[in-house]
Amino acid sequence: MSSSSQLPTRPVQSLEMGRYQWGQSPDAAPAPDVKDPEPLALASYGLVKNYSKGKLQVNVLQSVDFEIRQGEFQAIIGQSGSGKSTLLHLLATLDEADEGEIFFEGNRIDNLPASSRDMLRNRYLGMVFQFYHLLPELNMLENVLMPLMIRHGVFRYWSQKRANTKRAKYLLDLVGLSHRLNHKPRQLSGGEMQRAAIARALIANPRVLLADEPTGNLDRKTGADIMEILRCLNQEQKLTIVMVTHDHAIASQADHTVQLVEGRMESCTSNDV
Amino acid sequence: MYKLLLAWRYLRTRYIALASIISVTLGVATLIVVNSVMAGFTQEMYKRLHGILSDVVVESHDLNGLPDPDWHMEQIRQVIPDELEGMTASVQVPAMLNFQYNGNWITRQVQLIGVDRETYAQVSDFGKYLLHPENRAKMSFALREDGYAPLKKNFPAAGWKWRRARAMHEQALLEQQHLQVQQQRRIQEEQATTGGNGEGTLPDTDNAVPPASPFPLVNPEAGNEPPAATDGIPPVPYGQPVLEETGIVFDASREQHTGIILGIALCSVRHRDPDGTVRDHFLCRPGDDVQLTLPNSGRPPKAISNRFTTVDLYESGMSEYDSKLAFIPLDEMQHMRGMIDHASGIASVTSIQIKLKPGADLNSVRDRLQERFPAQQFGYRIQTWRDMQGPLLSAVQLETTILNILLFLIIAVAGFGILATFFMIVVEKTRDIGILKSLGAPSGGVMSIFLSYGFCLGVVGSGVGLILGLVLVVNINDIAAGLEHLTGREVFDPTVYYFQSIPTIIEPWTIALVVVGAVGIAVLASILPARHAARLHPVEALRYE
Numbered sequence: 297m298s299s300s301s302q303l304p305t306r307p308v309q310s311l312e313m314g315r316y317q318w319g320q321s322p323d324a325a326p327a328p329d330v331k332d333p334e335p336l337a338l339a340s341y342g343l344v345k346n347y348s349k350g351k352l353q354v355n356v357l358q359s360v361d362f363e364i365r366q367g368e369f370q371a372i373i374g375q376s377g378s379g380k381s382t383l384l385h386l387l388a389t390l391d392e393a394d395e396g397e398i399f400f401e402g403n404r405i406d407n408l409p410a411s412s413r414d415m416l417r418n419r420y421l422g423m424v425f426q427f428y429h430l431l432p433e434l435n436m437l438e439n440v441l442m443p444l445m446i447r448h449g450v451f452r453y454w455s456q457k458r459a460n461t462k463r464a465k466y467l468l469d470l471v472g473l474s475h476r477l478n479h480k481p482r483q484l485s486g487g488e489m490q491r492a493a494i495a496r497a498l499i500a501n502p503r504v505l506l507a508d509e510p511t512g513n514l515d516r517k518t519g520a521d522i523m524e525i526l527r528c529l530n531q532e533q534k535l536t537i538v539m540v541t542h543d544h545a546i547a548s549q550a551d552h553t554v555q556l557v558e559g560r561m562e563s564c565t566s567n568d569v
Numbered sequence: 149m150y151k152l153l154l155a156w157r158y159l160r161t162r163y164i165a166l167a168s169i170i171s172v173t174l175g176v177a178t179l180i181v182v183n184s185v186m187a188g189f190t191q192e193m194y195k196r197l198h199g200i201l202s203d204v205v206v207e208s209h210d211l212n213g214l215p216d217p218d219w220h221m222e223q224i225r226q227v228i229p230d231e232l233e234g235m236t237a238s239v240q241v242p243a244m245l246n247f248q249y250n251g252n253w254i255t256r257q258v259q260l261i262g263v264d265r266e267t268y269a270q271v272s273d274f275g276k277y278l279l280h281p282e283n284r285a286k287m288s289f290a291l292r293e294d295g296y297a298p299l300k301k302n303f304p305a306a307g308w309k310w311r312r313a314r315a316m317h318e319q320a321l322l323e324q325q326h327l328q329v330q331q332q333r334r335i336q337e338e339q340a341t342t343g344g345n346g347e348g349t350l351p352d353t354d355n356a357v358p359p360a361s362p363f364p365l366v367n368p369e370a371g372n373e374p375p376a377a378t379d380g381i382p383p384v385p386y387g388q389p390v391l392e393e394t395g396i397v398f399d400a401s402r403e404q405h406t407g408i409i410l411g412i413a414l415c416s417v418r419h420r421d422p423d424g425t426v427r428d429h430f431l432c433r434p435g436d437d438v439q440l441t442l443p444n445s446g447r448p449p450k451a452i453s454n455r456f457t458t459v460d461l462y463e464s465g466m467s468e469y470d471s472k473l474a475f476i477p478l479d480e481m482q483h484m485r486g487m488i489d490h491a492s493g494i495a496s497v498t499s500i501q502i503k504l505k506p507g508a509d510l511n512s513v514r515d516r517l518q519e520r521f522p523a524q525q526f527g528y529r530i531q532t533w534r535d536m537q538g539p540l541l542s543a544v545q546l547e548t549t550i551l552n553i554l555l556f557l558i559i560a561v562a563g564f565g566i567l568a569t570f571f572m573i574v575v576e577k578t579r580d581i582g583i584l585k586s587l588g589a590p591s592g593g594v595m596s597i598f599l600s601y602g603f604c605l606g607v608v609g610s611g612v613g614l615i616l617g618l619v620l621v622v623n624i625n626d627i628a629a630g631l632e633h634l635t636g637r638e639v640f641d642p643t644v645y646y647f648q649s650i651p652t653i654i655e656p657w658t659i660a661l662v663v664v665g666a667v668g669i670a671v672l673a674s675i676l677p678a679r680h681a682a683r684l685h686p687v688e689a690l691r692y693e
């Protein structure tokens, strides 16, 4: 899958979170002859992002088009300052583009109100960062449960606490941290923290996992372990993953790699994994 | 859910917030202690002020007073039939009090009040402040045998017991003096007959002076007026068998003059023993005789004097009253001053004290009475007890208000401390804020974390302050004693206040107000940092080093 000039179907109406059936674009038309490609999970078209520092203007992204279909594992590679993390932040609605459009499962999301974007991040997008970004005051179990705590009010959270805790423990077990439930982040190694961050990103059952240099702060062996987890999630759970990395070896483990050079999408390659 | 969890965790792990909690705690505790002590003092003062003053007083400016008190009382009954609980008439005039102590004449200016022994106690708490328990139950102007101030340690012997002992002592002293004078005369006569100059043979005049005595000395030859001390023999006005002008012999050991009740500060001196104990030294006590000089009702008034026997002391704790008021029977006062109209037999009074039923509107009653007795026609002064003590009550009220404002500023300062601390914590937690936002926490949620944090801080600070304040209030006297012991300086001086301990009242509403105010300030102080946190850009926050 590569950047494309062909625009996908877009809903005319703005997205109303919680009511709209995600992934079912109203205008989507089936193509009977060909084997149906997986629908688009995330897409952006003509993304422009500039940063100004006094009189100096830095063009971080210059009309970037990006697409990823559901179930794909795509790596965005580029040198430091090429704009890959910025692109990931824009896709995750953490930042706002100066120009361009972003779609999630066929629905435009870049123009959503802040509250809807918050909800989108909380329910449908999982995030993993280079520096793990776990909350230091909370133990692993609480860190993993945090997205659910944010989603639910006190009453609902307590009423579902048992089920939520069971799922959090399952995920921590999945990433090999079942013995670290009550440990604080400072008591864990970098690899363990990243695995906990992955478990946290999965707790809300997201449609897309956005990973920003997930192995960037880890040694090769630990990085390989993390990549193994991500690959498993992609292949077994069919989780859509967008991963930003500067390491070609890591990027080669994804299905596809797109390269960003000075804010432009340069090439796209399919990896033979 | 996450807001409370994080607020609680921040509270437990960010010890810098402890400084804010301590400042809130101290502010709340101080406010509670000061308010309780002020409330205690104020209520004690109100009680004592109101104790001697009835609810409403109708007062005549004329020393001759209201000409027909019964008619006035009937009018009052008609004006306020529903509110009226009791009424009494009294006569109040300025007077001079004289009594003798160790040979010296002590003079005090007093406000002399002639009270009706049957009704006066009904309109005021006057009786409660008398020293003798039986007088507290039923006021009497008869001297009691003994048993004054049973709760007061070191209260000297008083009553008939004291009066008899004193009369006996004075009698013995008098006889001794009489013998000495006779002996002196005999020697002089012998010297005159032998023709000697007598130098060196005269007895030492110093030896002629009787030894120091706790009792005033008596000279039976002296008149009623206290004479100047001469010839080493102290002046004696009364107290011993005296041949009165009427020819009636007055036996002080068995008889009393008309009773008088004196304010305790009129006849005592409060001092501190070397061991630090506060003691009252009594210059005059129940059983002693005093002399009063007061104006009669003539035009112009002339001074009249009479003797009275102190039958009890009055201790309200208000130095203004205790050092100024003296009470005698109303009929005696009217008789002395010539306030009884011979033709009609009606005795005038200078004021009528009115006691109202609980809950009655004092001001409304005063206004209605002023309407009934217009100033243009009667010229009476009609006041409530609050009007009479208006400046004092206003001063106390003002003092309390200003003190509260000043002390609340302590909590406001604590609020600024919270604000500064929170800004630091927000800066420290910038990355956490970015994490939360990346996980979908709305800006309002992030703001709520820090508002909840401020709230928790306020609640914990106020809660601890509340407990500390209450503990301090309950043990205030022990703490004051401990501080006195530690610093060597007196915290609460009973010689000034006439209270033996610091009065306190814990007012639930005031405490609730203080606690709610402190929590409110803590929350208010956290609004700005919380807003700052909520406005942080998630990407910038995540990249914050």
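Protein sequences, first through last, are from chains A and B.
Here the first sequence stands for residues 297 to 569, numbered as in the numbering used here.
Here the second sequence stands for residues 149 to 693, numbered as in the numbering used here.
A virtual CB, placed ideally from N, CA and C, is assigned to each residue, including glycine.
CA-CA distance, Leu478 (chain B) to Ala237 (chain B), rounds to 8 Å. The CB of Leu390 (chain A) comes closer than 8 Å to the CB of Lys585, Ser586, Pro686, Val687 and Leu690 in chain B, given here in chain order. Scanning its chain for C-beta atoms nearer than 7 Å, with the 5 sequence neighbours on each side dropped, one finds around Ala177 (chain B) the residues Gly613, Leu616, Gly617 and Leu620, in chain order. For Glu395 (chain A), the closest alpha carbon among the candidates A:Ser340, A:Leu514 and A:His429 is that of A:Ser340. Against Leu535 (chain A), chain B offers no close residue; the least beta-carbon distance is about 17 Å (beta-carbon pairs closer than 8 Å). For Gly527 (chain B), the three-state secondary structure derived from DSSP is coil.
Residue pairing by DSSP places Asn346 (chain A) opposite A:Asn355 in a beta bridge.
It is roughly 39 Å from the alpha-carbon of Met481 (chain B) to the alpha-carbon of Thr425 (chain B). In the DSSP secondary-structure assignment, Asn246 (chain B) is bridged to B:Thr255 and B:Gln439. DSSP links Lys503 (chain B) through a beta bridge to B:Gly234. By the rule that beta-carbons nearer than 8 Å mark a contact, Asp641 (chain B) does not touch chain A.
Taking every protein chain shown into account, the CB of Thr578 (chain B) has 16 or more other CB atoms within 10 angstroms, so this residue is buried. Ranked by Cα distance from Met595 (chain B), the options B:Phe571, B:Asp509 and B:Phe521 are led by B:Phe571.
By the Cβ criterion, the stretch 450-460 of chain B is not in contact with the stretch 328-342 of chain B, since fewer than three pairs of Cβ atoms, one from each stretch, lie closer than 8 Å. Under the DSSP definition of a beta bridge, Asp460 (chain B) partners with B:Ile409. Ala306 (chain B) sits in coil when the DSSP states are folded into three classes, being neither helix nor strand. For Arg157 (chain B), the residues of chain A that pass the 8 Å Cβ criterion are Glu433 and Leu434, in the order they occur in the chain. For Thr461 (chain A), the uninterrupted alpha helix (DSSP H) segment begins and ends at Lys457 to Leu470. Here the alpha carbons of Leu557 (chain B) and Gly565 (chain B) stand approximately 12 Å from one another. When beta bridges are read from the DSSP output, Glu363 (chain A) appears opposite A:Ala339.
For a Cβ distance threshold of 8 Å, residue set Ala410, Ser411 and Asp414 of chain A lies close to Pro590 (chain B), ordered along the chain. By the Cβ-count criterion, Pro229 (chain B) is exposed, with fewer than 16 other Cβ atoms from all chains shown falling within 10 Å of its own Cβ. Note: Ala451 (chain B) is bridge-paired with B:Pro443 in the DSSP secondary-structure output.
Residues of the stretch 569-581 of chain B with a Cβ closer than 8 Å to any Cβ of chain A, in chain order: Arg579 and Asp580.
Ser566 (chain A) is bridged by DSSP to A:His552.
Beta bridge pairing from DSSP links His419 (chain B) with B:Arg427. For the options A:Arg413, A:Ile446 and A:Gly512, the alpha carbon positioned closest to that of Thr389 (chain A) is the one of A:Arg413.
Interface residue (Cβ-Cβ distance to chain B less than 8 Å): Tyr453 (chain A) is classified as such.
No Cβ-Cβ contact shorter than 8 Å links Val181 (chain B) with Ala670 (chain B). The alpha-carbon separation between Arg503 (chain A) and Leu467 (chain A) amounts to approximately 16 Å. Exclusion of the five residues before and after Phe189 (chain B) leaves Pro651 as the residues of its chain whose Cβ lies within less than 7 Å of its Cβ. Taken atom to atom, the span from the alpha-carbon of His429 (chain B) to that of Lys309 (chain B) is near 19 Å. Look at Gly396 (chain A) here: in three-state DSSP terms it is strand. Fewer than three Cβ pairs drawn from the stretch 406-420 of chain A and the stretch 467-482 of chain A lie within less than 8 Å of each other, which leaves the two stretches out of contact. Of the residues assessed, Val575 (chain B) falls on the exposed side of the cut-off, its CB having fewer than 16 other CB atoms within 10 angstroms.
With fewer than 16 other CB atoms across the displayed protein chains lying within 10 angstroms of its CB, His326 (chain B) is exposed.
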